[in-house]
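Protein sequence lines, in the order shown, are assigned to chains A and B.
Residues 4 to 226 (the working numbering) make up the first sequence, in order.
Residues 4 to 226 (the working numbering) make up the second sequence, in order.
Right, one structure below, let's go through it.
2 protein chains.
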Amino acid sequence: MIAEPSRNTESALPLRERKKLRTRRVLADTALRMFLEGGFDRTTLDDLVDTAEVSVRTFFRYYSSKEEVAVAAEGELWEAYAAEVERLRVTGPVLSHLRDCYADAVRGLSEDWTERYLATRKLVAHNPALGVHHAGAVQDLQVRMTALLEDKLGIDSREDVRLRLVSEMALAAVRYGSMNWVRTYRHSGRTGDAETLIAEVTAAFDAFPGALELSPDTLTRSG
Amino acid sequence: MIAEPSRNTESALPLRERKKLRTRRVLADTALRMFLEGGFDRTTLDDLVDTAEVSVRTFFRYYSSKEEVAVAAEGELWEAYAAEVERLRVTGPVLSHLRDCYADAVRGLSEDWTERYLATRKLVAHNPALGVHHAGAVQDLQVRMTALLEDKLGIDSREDVRLRLVSEMALAAVRYGSMNWVRTYRHSGRTGDAETLIAEVTAAFDAFPGALELSPDTLTRSG
DNA sequence: GGCATACTGCCAGTCACTGGCACTTTGTGG
DNA sequence: CCACAAAGTGCCAGTGACTGGCAGTATGCC
C-alpha cells in the first residue's frame, strides 16, 4: 500500500530517511529474488529477514504482510497512478483521461521498475495467495480513484452510476492490458519495456466501445 | 468456492450426503452470526468450531479458510451465476446475456439467501481482510466466466480483447449494483429483497454506454 | 556533548492452518 | 444380520505469520 517517493529526490533526504528507504528497498528486492528462486510458500519470513539482515519486528514496520513485500513493485505503480490522477485536471472524456494518466504514471517510474514489475507478475501468476492480494490492492485503488474523481468532477458516485463504472472500466483495462503484456514475455528471459506495456493498456482502453456490442451474430473471428 | 446444490434436491440424498450438507450449513450460519455479534477478528476459529460442535480439523474439510466461511452466502451466488452462464446459450449482445444470467441466478437461490447475503455484505464492509478475500473471489469468477464464454463463442480471449473486457464489465456491474443495493439497507434492520438487487444490478449493466462518454463538459448533474 | 525522538531487536505469545493416525459411522454385499 | 470397505471425524503435535511490550541504540537538534 505504501511506495517509494519518486526517484529524483532520493539523495536530498536526511540520513535517517535515506536509511529507511534503503531498508525498504533491500527488503523488496531480497524478497522478490528469494520468492522467485525458492517459491513464495517455501520461503519463510525468517529466511527473508535473515538474508536482508533485519529483525522480523522491523520487517513489519515496513510492510504489513509477506504478500505486500512480494508485490511492492506493483504498489509503486498504484501509488504513481493515483498521484497522477490527483495531479492532473480532467479534460475531455474521463475514460481517456484515466488512460493517459496511466501512461504518464508508468513513464514516471524509475529505470529498473519494468524489470521488477515483470518479475512480480510472474510470481503472482504462480501463487493463488498473491493473486488474491493483488485483487485486493486493485480494489483499494479503485475505491481511491473513485473518491478522487468525485472531488474533481463534483459528482457523488452514489447518485451517478457512471462515475463508478468509469473507474471500474479503467481498472479493467489496466488489468487486462498488463496481463497481455506479461504474457508476451512468459517463458522468455527477455526483460519487458515500459512503452510496450503502455501500448497494451491503451489498446485495452480503446477497445471498450467494441466490447459493448460483442455478440455471437456480429462475430468476426479476428476481432 | 464450493456451494450447496440447488434447494429442490435436498431431501432425496443419501444420509451421509445430507449430514455433510447440514454440517456445512451449520458452520456457515454459526460463523455469520458469531462474526456479526463478536466481530470477525475477535472471534477465533476455536470459538466457532466449539459452538458448531465440530473439530478444527473437520472445519477445514468444509471450508478452506476462516474468510471463506464468512462469505459462504456470496460463494453460493458465484456458483449459481457461473452455472447459469454455462447452462444457457448466448443470443444477442453478450453483455445483455450476462445481465440476464445474473438475474436468473439470483432468482434460483433459496428463500433465505437474500438475508444471509445482506448480512455477509455488511460484515465484509467492516473488515479489510474480508474485502480482500471478496476481491479475490470475484477475480476467480471472472477467470472462470471468461473461459466459459471462450468455449461458447469459440473465441480465444488472447486474440480478441473484447471478450475479456465484456466479462470485466459484467463483474463491474455486478459489484457496483450490489454495493448500491447494500447501501440502501445500511443501518436499517430491514431485510433486503432479491428483486431490488436484480434491479440495481440491471441498471448498472445498462449504464455502460453512458459511462463511456462521461466527461466534465457533457456533465449533467443528475446523470 | 546532551537530550528527545525515532528506529531496531529480542522475547514470549496468539492464532490460522496442516499432516498423520486412530476411531467411528455409513453404505454394501454376503 | 453381519462383516467389510470407504468415507468422515477427532485428537495431537506441529509450523509459520503476525503482534505487544520493553530495553537498547542511533539520529537530529540544540
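The beta carbon of each residue, even a glycine, is placed where N, CA and C say it ideally should be.
Note that the structure is a prediction, hence the values are computed from the model and not measured.
Could you tell me whether the Cβ atoms of residue i and residue j are closer together than 9 angstroms?
i: A:Leu-152; j: A:Val-97; result: yes
i: A:Leu-215; j: B:Pro-212; result: yes
i: A:Ala-207; j: A:Tyr-188; result: no
i: A:Val-93; j: A:Ile-201; result: no
i: B:Ser-170; j: B:Gln-145; result: yes
i: A:Gly-95; j: B:Pro-219; result: yes
i: B:Thr-61; j: B:Thr-33; result: no
i: B:His-136; j: B:Glu-82; result: no
i: A:Trp-116; j: A:Ala-197; result: yes
i: A:Leu-244; j: A:Cys-104; result: Since the first residue shown for chain A is 4 and the last is 226, residue 244 of chain A is missing from the structure and cannot be characterised.
i: B:Tyr-65; j: B:Lys-22; result: no
i: B:Ala-138; j: A:Ala-128; result: no
So residue i is in the alpha helix (DSSP H); what residue range does that whole segment cover?
i: B:Pro-131; result: 131-156
i: B:Thr-54; result: 48-55
i: B:Phe-43; result: First-last for B:Phe-43: undefined, no H or E at that position.
i: B:Arg-64; result: 59-65
i: A:Thr-194; result: First-last for A:Thr-194: undefined, no H or E at that position.
i: A:Pro-212; result: 211-216
i: A:Glu-79; result: 75-90
i: B:Leu-101; result: 97-110
i: B:Thr-187; result: 164-188
How big is the Cα-Cα spacing for residue i and residue j?
i: A:Asp-53; j: B:Val-72; result: 35 angstroms
i: B:Gln-1; j: B:Met-148; result: Residue 1 of chain B cannot be examined here, being either before or after the span of chain B that is shown, 4 to 226.
i: A:Phe-63; j: B:Asp-107; result: 46 angstroms
i: A:Asp-50; j: B:Ala-176; result: 43 angstroms
i: A:Tyr-120; j: B:Arg-102; result: 35 angstroms
i: A:Glu-79; j: A:Ala-210; result: 26 angstroms
i: A:Glu-114; j: A:Val-185; result: 18 angstroms
i: A:Gly-226; j: B:Asp-159; result: The predicted position of A:Gly-226 is uncertain, since its pLDDT is 37 and thus under 50; a value taken from the coordinates is nonetheless stated next. If I take the Cα positions, the gap works out to 10 angstroms.
i: B:Asn-130; j: A:Val-88; result: 27 angstroms
i: B:His-100; j: A:Leu-217; result: 11 angstroms
i: A:Ala-31; j: A:Ser-68; result: 12 angstroms
i: A:Tyr-84; j: B:Thr-199; result: 35 angstroms
i: A:Leu-168; j: B:Asn-183; result: 12 angstroms
i: A:Gly-134; j: A:Asp-154; result: 31 angstroms
i: A:Ala-86; j: B:Glu-118; result: 39 angstroms
Cα-Cα, which of the options is closest to residue i?
i: A:Arg-161; options: B:Asp-196, B:Glu-203, B:Ala-140; result: B:Glu-203
i: B:Arg-36; options: B:Ala-75, B:Ala-197, B:Ser-99, B:Glu-114; result: B:Ala-75
i: B:Gly-41; options: B:His-190, B:Lys-22, B:Leu-126; result: B:Leu-126
i: B:Thr-123; options: B:Ala-85, B:Arg-28, B:Asp-154, B:Glu-77; result: B:Glu-77
Closer than 7 angstroms between beta carbons: that is the criterion. Which residues of the segment 108-136 of chain B meet it against chain A? Answer in chain order: Gly-134, Val-135, His-136.
Quick one, which residues of the segment 46-60 of chain A are near chain B if we go by CB-CB under 9 angstroms, in chain order? Taking 9 angstroms as the Cβ-Cβ cut-off against chain B, none of the residues of the segment 46-60 of chain A qualify.
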